[in-house]
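To convert a position in the sequence shown, counted from 1, into this note's numbering, add 765. Structure record follows, encoded as structure tokens.
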Amino acid sequence: MKKEEFLAEAEELRERLMKYPAWRLNFEDESFAECVIGYFYDAKDGSWKAYYNLDRGHHCIMLETKNEEEVYDKVIRKIKWEIQANERYYGMMEKQREQGD
């Protein structure tokens, strides 16, 4: 995936990603803030890195690659996965609330 395609798709997905737990997107630099999905170029080792952060300092590098386009693909897949997981979970919670009323 080219960078322009990635940015356009990420922007389309941003609202759905941020609808539930406050996931944020961070591109171009490494962040250690909670609930962040992003990527950056690590000049020290000359590789692109895709990462996500959970709470309590959990920082996970999902991919290290020399191929810039691979990092975009990985980040988009992670964004889509989180959207799907959140929509499934919060949809189920909403159904339970409705049944309990």
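Positions of the beta carbon are idealized from the N, C-alpha and C atoms, including for glycine.
Beta-carbon within less than 7 Å of residue i's beta-carbon, same chain only, minus the 5 sequence neighbours each way: which residues are those?
i: A787; result: C800
i: E867; result: The structure shown does not extend to residue 867, since the chain is modelled only from 766 to 866, so the question has no answer here.
i: E834; result: M766, K767
i: I848; result: L778, R781, L782
Quick check on residue i: does DSSP put it in helix, strand or coil?
i: D807; result: strand
i: E799; result: coil
Determine whether the beta carbon atoms of residue i and residue j lie at a separation below 9 Å.
i: N791; j: W813; result: no
i: A815; j: K845; result: no
i: I802; j: Y817; result: yes
i: G822; j: F797; result: yes
i: H768; j: Y837; result: The sequence given here has Lys at residue 768, not His. Yes.
i: N851; j: L782; result: yes
i: D807; j: E829; result: yes
i: E774; j: M766; result: yes
i: K809; j: M827; result: no
Who are the near neighbours of residue i in its chain, counting only those whose CB is closer than 8 Å to its CB and skipping five residues on each side?
i: D820; result: E799, C800
Any beta strand (DSSP E) of 3 or more consecutive residues that is wholly inside the segment 815-853: 824-830
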